[in-house]
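K.L.:
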Amino acid sequence: MDDVENVRFSVVWRTRQIALDRNDRESYVKLTVRELIVYGVFLVIFVASFSGLHSYAAFVVNREVSSLFIDSSFTTSAEDADDADDVTIKFDGIITMEHFWKYFYNVLCDKLYETPLAGNENGSEILRENKFLFRPRARQVRVEEGHCEIRN
């Protein structure tokens, strides 16, 4: 009885290597096609299960917040002293602390605390959803020399 079950099990779960050992070309081709179908079904189930994890609403929120804060541009003075023109940069172009603070005050705070809409008297809403109690306070803490070790 065990031999019959072993034969059935080996026939169902036969692989290409077993078919190569028996030198049966037709069986090898059939097994290759069957493995390809099994892998295809696995891939379809895998992609379908993981593509449903992100909802459309999450995509829309991500796109809107990105366009609101990352894609917004601001003007800052040029780096060269000879060139007195203002330069318009985006979040990706921030390279100095001056750029960061210009972005912080001109883009981030302005977008977080937009002026209230015509019918809305309450100006403490952020992105027309949540409410803040106070204005943001930005603070830099200075570290005295010798308190931190810097390794090369």
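According to UniProt numbering, the stretch in the sequence shown is residues 1 to 152, in order. For each residue, glycine too, the CB sits at the ideal point set by N, CA and C. Keep in mind that this is a model prediction, so the values were computed, not measured.
(1) On the three-state DSSP scale, how would you describe I45?
(2) I'd like the list of long-range same chain contacts for H99, defined as Cβ closer than 8 Å, with 5 residues on each side in sequence excluded.
(3) Does the region 55 to 72 come close enough to the region 95 to 112 that 3 or more CB-CB pairs lie under 8 Å?
(4) Can you have a look at F74 and say buried or exposed, based on whether 16 or more other CB atoms are within 10 angstroms of its CB?
(5) I'd like to check one pair, F91 with Y103: are the Cβ atoms closer than 8 Å?
(6) According to DSSP, is S66 part of a helix, a strand, or is it coil?
P.N.:
The structure says:
(1) helix
(2) T76, I89, G93
(3) yes
(4) buried
(5) yes
(6) helix
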